[in-house]
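In this note's numbering, the protein residues as written are 509 to 928. Quick notes on the structure that follows.
This is the structure in structure tokens:
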């Protein structure tokens, strides 16, 4: 956690006062450590502010801004907890339920000083996970649990049979990695296959269009996470389903740390919103990156994500060339797509035999998040996704037919300021 503490301290020192808010600090921290426990983040946040504040005069704008930041969750005053316990005991006294008398005695033994806002009992909530509830006599316990008794109805035996049959007949659909090297000049999936993929993507869009969250009434209120999880990821999964690579690759949607970025930075790497990850000869390769926004995207966010994306592609290309010997350099490229609002930009970064890296914008199309009677928009989106699939398949064939290659070459990506 020391690295995150240093990171937050550095941000607080460098950022302008008008840019410092509780949200901005948390946003920066979550970019570094998406899975940090809330309590740990709060503790580090508090320690960083406490450490930085003495560096500024009490009449300075930065000092006043830091002092205004909330340092911890608002605690329930002890008097409030005592009052809540009194109310709960009164409600239990008036209750005719079998469990009420015993629980009233148990609640009466609880000291308010032993409770905090984290305890349900402090807010007049009795939980089935409390020891006082678990230790109720059988009849009293059944009385307490009665509301959920009929919520947990038994399933028909046919459901168990269906599950068993599914496991017996399961086929993961894995196919072998293409044995031959493919080329962009002559590789394309059969028309029937492309049609099936297009239908699968269209059916996915059809389900998305039924989601009221992205109707004109609610779309602007949705977070980036909802947009990515409910629209972008399903479309990408539909596009890349049944690739001819067996179990050697997968789509990561949990903001996994990029090994290529980590290698370049010598520590913690960037965490793209989506990655396509393959494993060859015990080495991880990241072949597709994605940076996404909310359905409403600011110009600043779009510009920042574009920079972040090409830097991730550059790191990944260097990482790939360090791990394997690619003969057909002009054929192999690291893919990336940026979702900025309802715009989908598809990029590829290629490094030729002369070690010159070139970044190409292949497609810039609209994402049909809602039903529209616009055939051109729908076709262009499908075409961009199928192009992504086609290039990725060629990349995979070249990667899995390459020779291992150990190199100490490092990425040419220039490091960004520590707070970006």
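All C-beta atoms, glycine included, are put in the ideal place defined by N, C-alpha and C.
Handout entry: residue 842 - partner residues in DSSP beta bridges
Key = Position 334 of the chain shown, counting from 1, holds the residue named residue 842. Paired residue(s): 857.
Practice task
Rounded to whole angstroms, what's the CA-CA distance from residue 841 to residue 861? Just pull it up for me.
Solution key: Stepping through the chain shown from its first residue, residue 841 is reached at position 333. Stepping through the chain shown from its first residue, residue 861 is reached at position 353. If I take the Cα positions, the gap works out to 13 angstroms.
Exercise for the section: Have a look at residue 911 and residue 839 and give me their C-alpha separation to the nearest angstrom. Expected result: Taking the first residue of the chain shown as position 1, residue 911 is located at position 403. Taking the first residue of the chain shown as position 1, residue 839 is located at position 331. For residue 911 and residue 839, the distance between alpha carbons rounds to 16 angstroms.
Practice task
Could you pull out every residue in the same chain whose Cβ sits closer than 7 angstroms to the Cβ of residue 799, ignoring the five residues on either side in sequence?
Solution key: Indexing the chain shown from 1 puts residue 799 at position 291. Hits under 7 angstroms: 780, 781, 813, 816, 817 and 846.
Problem - Buried or exposed (CB count within 10 angstroms, at least 16 for buried), residue 626 - result: Along the chain shown, read from residue 1 onward, the residue named residue 626 stands at position 118. Counting other Cβ atoms within 10 Å of its Cβ, residue 626 stays below 16 and is therefore classed as exposed.
Exercise for the section: Kindly indicate which residue of 788, 517 and 577 has the alpha-carbon position closest to the one of residue 909. Expected result: Sequence index remark: in the chain shown, residue 909 carries index 401 (1-based). The candidate whose alpha carbon is nearest that of residue 909 is 788.
Handout entry: Supposed contact pair residue 633 and residue 593 - C-beta distance, whole angstroms, cut 8 angstroms
Key = The residue given as residue 593 occupies position 85 in the chain shown. The residue given as residue 633 occupies position 125 in the chain shown. The pair is not a contact, with the Cβ atoms about 12 angstroms apart (cut-off 8 angstroms).
Practice task
Along the alpha helix (DSSP H) that carries residue 722, what are the first and last residues, could you check?
Solution key: As a working note, residue 722 is residue 214 in the chain shown. Unbroken run through residue 722: none, as it is neither H nor E.
Exercise for the section: Whole angstroms is fine: what's the gap from residue 661's alpha carbon to residue 649's? Expected result: For this step, residue 661 is matched to residue 153 along the chain shown. For this step, residue 649 is matched to residue 141 along the chain shown. Looking at the two C-alpha atoms, the distance is approximately 19 angstroms.
Practice task
Give the straight-line distance between the Cα atoms of residue 672 and residue 748, rounded to the nearest whole angstrom.
Solution key: Taking the chain shown and counting its residues from 1, one reaches residue 672 at position 164. Taking the chain shown and counting its residues from 1, one reaches residue 748 at position 240. Each residue's alpha carbon lies about 28 angstroms from the other.
Handout entry: Identity of the residue in 806, 844, 536 and 753 nearest residue 823 by Cα
Key = As a working note, residue 823 is residue 315 in the chain shown. The shortest Cα separation from residue 823 among 806, 844, 536 and 753 belongs to 844.
Exercise for the section: Count the CB pairs spanning the segment 876 to 885 and the segment 854 to 868 that are closer than 8 angstroms, and state whether there are at least three. Expected result: no
Exercise for the section: Note the first and the last residue of the continuous beta strand (DSSP E) segment covering residue 791. Expected result: Against the chain shown, residue 791 aligns to sequence position 283. First-last of the beta strand (DSSP E) with residue 791: 791 to 800.
Handout entry: As assigned by DSSP and simplified to three states, the class of residue 638
Key = On the chain shown, position 130 is the one that residue 638 refers to. Of the three classes helix, strand and coil, the one that applies to residue 638 here is coil, per DSSP.
Handout entry: Reduced DSSP category for residue 743 - H, G, I as helix; E, B as strand; rest coil
Key = Your numbering for residue 743 matches position 235 in the chain shown. Residue state, collapsed to three classes: helix.
Practice task
Let me know if residue 613 comes out buried or exposed under the rule of 16 or more other beta-carbons within 10 Å of its beta-carbon.
Solution key: Along the chain shown, read from residue 1 onward, the residue named residue 613 stands at position 105. So residue 613 ends up on the exposed side.
Handout entry: C-alpha gap between residue 731 and residue 603, whole angstroms
Key = Locating residue 731 in the chain shown gives position 223, counting from the first residue. Locating residue 603 in the chain shown gives position 95, counting from the first residue. If you take the alpha carbons of residue 731 and residue 603, they lie about 43 angstroms apart.
Exercise for the section: Tell me where the beta strand (DSSP E) around residue 728 begins and ends. Expected result: In the chain shown, counting from the first residue as 1, residue 728 sits at position 220. Note, residue 728: premise wrong, no beta strand (DSSP E); not H, not E.
Handout entry: Coil, strand or helix - residue 879 by DSSP
Key = In the chain shown, the residue the question calls residue 879 occupies position 371. Looking at residue 879 - three-state DSSP - the assignment turns out to be coil, as it is neither helix nor strand.
Exercise for the section: Could you tell me the boundaries of the beta strand (DSSP E) in which residue 783 lies? Expected result: Here the question's residue 783 lines up with position 275 in the chain shown. Taken as a continuous stretch (DSSP letters only), the beta strand (DSSP E) holding residue 783 covers 782 to 788.
Exercise for the section: Tell me the start and end of each unbroken alpha helix (DSSP H) in the segment 628 to 680 that is at least 4 residues and wholly inside, in chain order. Expected result: Runs found: 639 to 642, 646 to 657 and 665 to 677.
Problem - Rounded Cβ spacing between residue 855 and residue 831 (contact assumed at less than 8 angstroms) - result: Taking the chain shown and counting its residues from 1, the one referred to as residue 855 is at position 347. Taking the chain shown and counting its residues from 1, the one referred to as residue 831 is at position 323. That belief does not hold up - the Cβ atoms of residue 855 and residue 831 are roughly 22 angstroms apart, past 8 angstroms.
Exercise for the section: Establish whether the CB of residue 857 and some CB of chain D are separated by less than 8 angstroms. Expected result: You won't find chain D in this structure, because it holds only one protein chain.
Problem - For residue 867, the first and last residue of its enclosing beta strand (DSSP E) - result: Looking up residue 867 in the chain shown gives position 359. 865 to 874 is the span of the beta strand (DSSP E), which, as asked, contains residue 867.
Exercise for the section: Look up residue 890 in the DSSP assignment and say whether it is helix, strand or coil. Expected result: Stepping through the chain shown from its first residue, residue 890 is reached at position 382. Helix, per DSSP.
Problem - Reduced DSSP category for residue 522 - H, G, I as helix; E, B as strand; rest coil - result: As a working mapping, residue 522 is identified with position 14 in the chain shown. Residue state, collapsed to three classes: helix.
Practice task
Could you give the DSSP three-state label for residue 767: helix, strand or coil?
Solution key: In the chain shown, the residue the question calls residue 767 occupies position 259. Looking at residue 767 - three-state DSSP - the assignment turns out to be helix.
Practice task
Hey, could you find the ends of the alpha helix (DSSP H) residue 824 is sitting in?
Solution key: As a first step, residue 824 must be located in the chain shown, where it is residue number 316. From DSSP, the alpha helix (DSSP H) with residue 824 extends over 807 to 831.
Exercise for the section: Identify every residue that forms a DSSP beta bridge with residue 848. Expected result: On the chain shown, residue 848 is found 340 positions in, with the first residue counted as 1. According to DSSP, which records beta bridges pairwise, residue 848 is partnered with 851.
Problem - Other residues of its chain near residue 926: CB distance less than 6 angstroms, five sequence neighbours each side excluded - result: Taking the first residue of the chain shown as position 1, residue 926 is located at position 418. Any reading at residue 926 must be qualified, since the residue scores a pLDDT of 47, below 50, and its modelled position is unreliable; no value is offered.
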